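Student: Just passing along the structure, written as structure tokens.
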Amino acid sequence: MASPDSTLFDKVVNLCKRRSFVFPSAEIYGGFRSTYDYGPLGVLMLRNVKDAWWRSMVQLRSDVVGLDAAILSPPQVWEASGHLENFSDPLVDCTECKTRHREDQLEDPNICPACGKSGTFTEARAFNLMFKTQAGPVEGAGADVYLRPETAQGMFINFKNILETSRKKPPFGIAQVGKSFRNEITPGNFVFRTREFEQMELEFFVPPEDANEWYEYWMQERHQWYLDLGIPEEQIRMRPHDEDELSHYSSGTSDVEFLFPWGWGELEGIANRGDFDLLQHAKHSGQKLEYFDQGTGERYVPHCIEPAAGATRSMMAFLMAAYDEEQVNDDTRTVLRLHPRLAPYKIAVLPLSKKDTLLPKAEEVLHMLQPHFMCDYDITQAIGKRYRRQDEIGTPYCVTIDFDSLEDDAVTVRERDSMEQTRVSTNELVGYLTEQLAL
Ligand code: GAP
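Okay, so the sequence shown: first residue is 0 according to numbering that gives the first Met the number 0, each after it adds one.
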């Protein structure tokens, strides 16, 4: 088993700030704890993570459709889902130092980790993790709304709409990517646990008798997705939940876990939710949420298998897994060995020098590549330094325009991991890079 590396965490967090992947939010005002802004490279990479998920879960399948449901939702949704009642953490206050803690995370339930005093805790109180706000100009009863703590309920409350309009029948799924909000008591470890984050969730509705088979299927599919995108086998595992860990809705859950520098942490949960959600929403809304097969006259409430992943958390795992340092001559080369699909830029176009004679040709090559690939264009500093800058942000290929390019209409293509260089004619460049990147 690979061992956790605590300096890796600092190195990646530092790189994220320095190279504009992730900034602490509201930094000019001293920061806003545990919220983050995704900078020019972070927004590209996060989008790539979400696109890779969407490609695999929606685009390459004919049994899944997409959805983008509202973030604001009325209390009825959360009453039916069980979140109003159950989505809480047990909190205790220390009467001595006035700090607040999650009781279930205390090493010793009698000792305050802040002041070390014993027997100073209040009785535990259930603290609901949902953010509540008001809709409309009048405060008070009837105006309460919630920021969704998961995207999943959007799929359940649209089950009927989608079943009636999409010509799908079980087994079929509804996929959604978007922001969720939880008033986490112990956010931390960079973007691993934040109060505002992005999820990528699929609710896959199946005939009840096929639920176990589909549960197994989705566990394998989801495990493979991370492997295909470059997470090494020894850094990812499936961990089935123990009975006492299961959520109120689940008859079986397995987590996909990544070996973070501090140990194993969840990237995704795959849950067999049974018919809990559709039955709850049917009960609370008074609507029939079931499948009726007109051919056979069969009627049933589908069971639901849910692979629920974190986009922001997965991005962090991909960064951690990709970070590498290697000795090249007397120099340490930092390289993000990101899968090309996830890399913020696929190509960097680099004129060998800033000389006027080279720039028009370099811009011509850039404009030729831009419709096909996300490209960076960098004309400052020595070429070696520019290669290193691109290595550090994971750009798979650098395209260098030199003085020979003006004569032979060819460029040098440098591959990130091997640093090998190949001369390619510009009229074959798009085809060559398309083949190499294999997106
Ligand atoms: N609908 C089921 C559900 O939401 P979950 O395990 O609570 O399940 C799914 O969340 C995924 O969302 C987690 O595996 C994690 O990747 C991500 N996630 C949950 N809370 C998060 C937080 N506070 N910050 C970042 N990501 C989070």
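Just so it is clear, CB atoms sit at the ideal spot from N, CA and C, and this is done for glycine as well. Values in this document were obtained by computation on a predicted structure and should not be read as measured data.
#1: Along the chain, where does the beta strand (DSSP E) containing Gly76 start, and where does it finish?
#2: Does the separation of the CB atoms of Glu305 and Arg272 fall below 9 Å?
#3: Just to confirm my understanding: we take Leu357, look at its own chain, exclude 5 residues before and 5 after, and list those with CB closer than 8 Å. What are they?
#4: Quick check: what's the CA-CA separation for Arg422 versus Leu428?
#5: Which residue's Cα is closest to the Cα of Tyr331: Ala123, Ser313 and Gly383?
#6: To which residues of the same chain is Ser80 closer than 6 Å at the C-beta, ignoring the five residues directly before and after it?
#7: Any beta carbon from chain D within less than 9 Å of Pro73's own beta carbon?
#8: Please name the residue, chosen from Leu228, Gly251, Glu200 and Trp213, that lies closest to Glu267 on a Cα-to-Cα basis.
#9: Pro339 by DSSP, collapsed to three states: which one?
#10: Alpha carbon to alpha carbon, how far is Val11 from Ala1? Give it in angstroms, no decimals.
#11: Can at least three beta-carbon pairs, one atom from the region 32 to 45 and one from the region 119 to 133, be found at a separation below 8 Å?
#12: With distances taken between CB atoms, is the gap from Leu71 to Arg124 smaller than 9 Å?
#13: Cutting at 6 Å between CB atoms, please list the residues of its own chain near Ala68, excluding the five before and the five after it.
#14: Taking a contact to mean a Cβ-Cβ separation below 9 Å, would you say Phe189 touches Leu128 in this structure?
#15: Could you name the residues of the same chain whose beta carbon sits closer than 7 Å to that of Pro169, not counting the 5 residues immediately before and after it, in chain order?
#16: Distance, Cα to Cα, Glu212 vs Pro89?
#17: If you run the structure through DSSP and keep just helix, strand and coil, what is Thr252?
#18: Classify Cys15 as helix, strand or coil using the three-state DSSP reduction.
#19: Are three or more beta carbon pairs between the region 302 to 321 and the region 218 to 233 nearer than 8 Å?
#20: Could you compute how far the alpha carbon of Asp377 sits from the alpha carbon of Ser55?
#21: If you measure from the CB of Asp88, is any heavy atom of ligand 1 nearer than 8 Å?
#22: Look at Leu368 and Ile392 and say whether their C-beta atoms are less than 9 Å apart.
#23: Ligand 1 and Val423: does the residue's C-beta get closer than 8 Å to at least one heavy atom of that ligand?
#24: Let me know the beta strand (DSSP E) ranges lying completely inside the region 253 to 330, each 3 residues or longer, listed in chain order.
#25: Residues in the same chain with beta-carbon distance under 8 Å from His283, minus the five sequence neighbours each way, listed in chain order, please.
#26: Have a look at the DSSP bridge pairing and note the partners of Ala125.
#27: To which residues does DSSP link Pro350 through a beta bridge?
#28: Quick check on the DSSP output: the alpha helix (DSSP H) that includes Pro359 runs from which residue to which?
#29: Just checking my contact of Gly243 with Gly172 at CB under 8 Å: how many whole Å lie between their CB atoms?
#30: If we ignore side chains and look at the alpha-carbon of each, how far apart do Ile447 and Gln175 end up?
#31: Rounded to a whole number of angstroms, what is the C-alpha to C-alpha distance between Gly38 and Pro23?
#32: Looking only at C-alpha atoms, which of Glu208, Glu149 and Pro260 sits nearest to Asp9?
#33: Please classify Val398: is it buried, with 16 or more other beta-carbons within 10 angstroms of its beta-carbon, or exposed?
#34: Between Gly309 and ligand 1, is the CB less than 8 Å from at least one heavy atom?
#35: Which first and last residues belong to the alpha helix (DSSP H) in which Gln152 is found?
Tutor: The structure says:
#1: Sequence check: residue 76 is Val here, not Gly. Val76 -> not in any beta strand (DSSP E); alpha helix (DSSP H) instead, spanning Pro74 to Ser80.
#2: Taking the C-beta atoms as reference points, Arg272 is found nearer than 9 Å to Glu305.
#3: Only Pro350, Leu351, Ile400, Asp401, Phe402, Ser404 and Leu405 meet the Cβ criterion.
#4: 10 Å
#5: It is Thr, not Tyr, that sits at residue 331 in the sequence shown. Comparing Cα-Cα distances from Thr331 to each of Ala123, Ser313 and Gly383, the minimum goes to Gly383.
#6: Gln152
#7: In summary, chain D is missing from the structure at hand, where a single protein chain is found.
#8: Glu200
#9: coil
#10: Unreliable positioning characterises Ala1 in this predicted model, as indicated by a pLDDT of 44, which lies under 50. A coordinate reading is not provided.
#11: no
#12: no
#13: Gly153, listed in sequence order.
#14: The criterion of a C-beta distance shorter than 9 Å is not satisfied by Phe189 and Leu128.
#15: Phe204, Val205, Pro206, Tyr290 and Pro301
#16: Roughly 35 Å between the two C-alpha positions.
#17: strand
#18: helix
#19: yes
#20: 33 Å
#21: Asp88: no, Cβ never under 8 Å from ligand 1.
#22: no
#23: Flag unset: Cβ of Val423 not near ligand 1.
#24: Taken in chain order, the complete beta strand (DSSP E) segments of 3 or more residues contained in the region 253 to 330 are 262 to 273, 302 to 309 and 322 to 327.
#25: Gln75, Glu78 and Ala79
#26: Pro89
#27: Ile400
#28: Leu358 to Leu368
#29: The sequence shown places Asp at residue 243, rather than the Gly named in the question. With a Cβ gap of about 29 Å, Asp243 and Gly172 do not count as contacting.
#30: Absent from the structure is residue 447, since the part of the chain shown begins at 0 and ends at 438.
#31: 10 Å
#32: Closest option to Asp9, Cα to Cα, is Pro260.
#33: buried
#34: yes
#35: Ala151 to Ile156
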